[in-house]
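Here's the structure we're looking at; comments come further down.
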Amino acid sequence: MAPYAVLLLLGLLAPAALASWNIDEDIRLDTIGLLTKYGYPAEVHEVTTDDGYILSLHRVPYSPVSPLQEGKQKPVVFLQHGLLCSSADWVVMGPGAGFAYILADAGYDVWMGNARGNTYSRRHIKYKPNGLFNSKFWNFDWHEVGLYDLPASIDYVLEQTGEEKLFYAGHSMGTTAFWVMTTQRPEYNDKIRAMFALAPIAYMGYMTSPFFQLLSLANKPLEFLLNIMGVNEFLPNNELMTLGGKLLCQDKALTQFMCENVLFLIAGYDSEELNSTMLPVILGHTPAGASTNELLHYAQEIVSFKFRQWDYTATNLFHYGSLTPPKYKLSKVTAPVALFYSGNDWLAAIKDVDKLYSEISNPIGKFKNSHSKFNHLDYLWAIRAKELVYDQVLSLMTRY
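Letter by letter, the sequence shown follows residues -19 to -1, 1 to 381 in mature numbering (1 follows the signal peptide of the UniProt record, and there is no 0).
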């Protein structure tokens, strides 16, 4: 029987079947496909960085409830995802829940970045991401995302829209890359109307995630082993991961609790805000791939209790002219910045957020989440993310 006939039959017999089919479809669709499915205009743009990476930007120029008005440019907001993630983060939860939909409905021109190496940005003018000799493609960490990807993306967005400034909202590594950009290329502070840091990551000395604690303890041996083995990419999005997420993490699967606990062990426990039914969709898009160096650089931050560039150890003197890596001077972050943090975030610990807040030059404020169990990933996928985070961001945006 044809798939659409099965869908129709089950839809008539049980409304739940239609919901299940929607989940199956959303697992397969990419960011643009999801936006289009739910009636939102979607555009793909490409930008090439100064060091040759070809990035995909995804745009939602307006929404069905906030159409374009002739001669009037909507205010622009740029969203940057975290580690192992992509633009899909902002849309997988659907209209009324995903941040990109909410911003578009509120009247913003929404652009979503994709960092080098993820599902949508796996191209370079010279190097290939796959094969035995792919080390040159993957020779980067989040420093390069901030130094090259964000400036190229922001310049492109401003050129396309004719605006001089934009709003920036980043999650996790999307905040780390912002600190890199605005400290290493401080002229970009002047292109930011306001920055909203969701689960901000700079210092990581007090993080409590078991996964990252283990990573930091094994940092140097792991780096050596990965180099010897030629493993340069970590957890790309692939069919096996998608199938595993669908079979093991769906409702009524005996193993669904294991999927939940994997996320909780990384981010913090918060079963109240996790919509477990959506796990197959989430895992159909995330993880989206990263360089192993991005994880290892975070491991270095955990060990050192410092926010600084890559530690080459024995060759620091050659690379930097000093025995230790240069620190990122957060006082150079002069754009208006609001920090959104939570007490149960196992990656962005309160003490680390406080230290970050004390060093940036133009803080709007720091806003602790009212839900005591709110974790690192809840900023994207929590059932009440709109109520607990996004509404406050939207309120602050009206001031700038």
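Glycine is no exception: its CB is placed at the ideal position from the N, C-alpha and C atoms.
Three-state secondary structure (DSSP) of residue i
{"i": "Ile8", "result": "helix"}
{"i": "Ala96", "result": "coil"}
{"i": "Asp90", "result": "strand"}
{"i": "Thr294", "result": "helix"}
{"i": "Ala150", "result": "strand"}
{"i": "His300", "result": "helix"}
{"i": "Ser351", "result": "coil"}
{"i": "Gly346", "result": "strand"}
{"i": "Glu253", "result": "helix"}
{"i": "Tyr108", "result": "coil"}
{"i": "Leu81", "result": "Note that residue 81 corresponds to Ala in the displayed sequence, not to Leu. Helix."}
{"i": "Glu144", "result": "coil"}
{"i": "Ser44", "result": "strand"}
{"i": "Lys287", "result": "coil"}
{"i": "residue 408", "result": "Given that the chain is displayed from residue -19 to residue 381, the structure contains no residue 408 and the question cannot be resolved."}
{"i": "Tyr19", "result": "coil"}
{"i": "Ile35", "result": "strand"}
{"i": "Thr29", "result": "strand"}
{"i": "Ala158", "result": "helix"}
{"i": "Val57", "result": "strand"}
{"i": "Phe321", "result": "strand"}
{"i": "Ala329", "result": "coil"}
{"i": "Ala69", "result": "helix"}
{"i": "Lys313", "result": "helix"}
{"i": "Ala234", "result": "coil"}
{"i": "Lys117", "result": "coil"}
{"i": "Glu241", "result": "helix"}
{"i": "Glu51", "result": "coil"}
Own chain partners of residue i with C-beta closer than 8 Å, once the 5 adjacent residues on each side are dropped
{"i": "Glu27", "result": "Ile35, Leu36, Ser37 and Leu38"}
{"i": "Asp372", "result": "none"}
{"i": "Leu377", "result": "Ala175, Phe177, Ala319 and Ile345"}
{"i": "Tyr309", "result": "Trp160, Val161, Thr164, Gln165, Ala183, Phe288, Arg289 and Gln290"}
{"i": "Pro217", "result": "Thr100, Pro268, Ala269 and Gly270"}
{"i": "Tyr21", "result": "Val41, Ser44, Pro45, Pro76, Tyr82 and Ala85"}
Reference residue i, options the options, closest by Cα
{"i": "Phe355", "options": "Asn274, Val212, Leu377 and Asp326", "result": "Asp326"}
{"i": "Leu84", "options": "His300, Asn297, Gly155 and Trp71", "result": "Trp71"}
{"i": "Ser67", "options": "Ala269, Asn297 and Asn343", "result": "Ala269"}
{"i": "residue 429", "options": "Phe348, Lys109 and Leu49", "result": "For residue 429 there is no data in the structure shown, the boundaries of the chain being -19 and 381."}
{"i": "Ile247", "options": "Ala316, Asp359, Gly98 and Phe286", "result": "Asp359"}
{"i": "Asn208", "options": "Leu60, Val314 and Leu113", "result": "Leu113"}
{"i": "Leu147", "options": "His357, Glu340, Lys18 and Ala316", "result": "Ala316"}
{"i": "Glu168", "options": "Gly14, Tyr322 and Glu145", "result": "Glu145"}
{"i": "Asn95", "options": "Thr296, Gly211, Thr17 and His152", "result": "His152"}
{"i": "Lys313", "options": "Val334, Glu340 and Ile331", "result": "Glu340"}
{"i": "Phe193", "options": "Val284, Thr379, His300 and Tyr129", "result": "Val284"}
{"i": "Lys349", "options": "Asp335, Leu216, Asn343 and Arg97", "result": "Asp335"}
{"i": "Leu126", "options": "Glu51, Leu195, Trp92 and Gly33", "result": "Checking the sequence, you will find Val at residue 126 rather than Leu. Val126 has its Cα closest to that of Gly33, out of Glu51, Leu195, Trp92 and Gly33."}
{"i": "Glu140", "options": "Asn111, Lys172 and Asn200", "result": "Lys172"}
{"i": "Ser342", "options": "Leu311, Leu328, Ala329 and Gly324", "result": "Leu311"}
{"i": "Gly225", "options": "Gly265, Val212, Thr156 and Ser197", "result": "Gly265"}
{"i": "Leu276", "options": "Leu328, Thr258 and Asp333", "result": "Leu328"}
{"i": "Asp5", "options": "Asp90, Thr223 and His278", "result": "Thr223"}
{"i": "Trp362", "options": "Asp292, Thr273, Ile331 and Val262", "result": "Val262"}
{"i": "Ala199", "options": "Glu220, Tyr279 and Tyr149", "result": "Tyr279"}
{"i": "Ile8", "options": "Tyr250, Tyr293 and Lys227", "result": "Lys227"}
{"i": "Asn274", "options": "Ala81, Leu196, Lys53 and Thr142", "result": "Leu196"}
{"i": "Ser44", "options": "Asp90, Val243, Thr294 and Phe286", "result": "Asp90"}
Sequence-distant residues of its chain with Cβ nearer than 6 Å to residue i (five each side left out)
{"i": "Glu24", "result": "Arg40"}
{"i": "Met154", "result": "Gly63, Leu64 and Trp123"}
{"i": "Leu179", "result": "His152, Phe321 and Tyr360"}
{"i": "Leu131", "result": "Ala158 and Met162"}
{"i": "Leu260", "result": "Cys230 and Cys240"}
{"i": "Glu282", "result": "Met185"}
{"i": "Leu375", "result": "Ala87"}
{"i": "Met(-19)", "result": "Reliability fails at Met(-19), whose pLDDT of 41 lies under 50, so the model's placement of it is uncertain and the value that follows must be treated cautiously. There are no such residues."}
{"i": "Asn256", "result": "Ile364"}
Proximity test, Cβ basis, 8 Å: residue i and chain B
{"i": "Phe59", "result": "Of the protein chains in this structure there is only one, and it is not chain B."}
Contacting residues, own chain, Cβ-Cβ under 7 Å from residue i (five flanking each side not counted)
{"i": "Tyr338", "result": "Leu320, Pro344 and Lys347"}
{"i": "Glu253", "result": "Lys354"}
{"i": "Leu304", "result": "Asn297 and Leu298"}
{"i": "Val46", "result": "Asp86"}
{"i": "Thr30", "result": "Leu36, Tyr129, Asp130 and Ala133"}
{"i": "Leu16", "result": "Ala23, Val41 and Val72"}
{"i": "Leu244", "result": "Leu358"}
Distance cut-off 7 Å: residue i Cβ against heavy atoms of the ligand MN
{"i": "Thr17", "result": "The ligand MN is absent from the structure shown, which contains no ligands of any kind."}
Contact between the stretch 134 to 141 and the stretch 104 to 116 (3+ Cβ pairs under 8 Å): Segments in contact, no.
Stretch-stretch touch, CB-based, cutoff 8 Å, three pairs: the stretch 363 to 376 with the stretch 189 to 201: These segments do not touch.
contact_flag[the stretch 343 to 355, the stretch 52 to 66] where n(CB pairs < 8 Å) is 3 or more: No contact exists between the stretch 343 to 355 and the stretch 52 to 66.
Cβ contact check for the stretch 73 to 80 and the stretch 236 to 247: 3 or more pairs under 8 Å: Taking a cut-off of 8 Å for Cβ pairs, the stretch 73 to 80 and the stretch 236 to 247 do not touch, as fewer than three such pairs fall below it.
Complete runs of the beta strand (DSSP E) confined to the stretch 168 to 224 [at least 3 residues]: For the stretch 168 to 224, whole beta strand (DSSP E) runs of length 3 or above, ordered along the chain, are 173 to 179.
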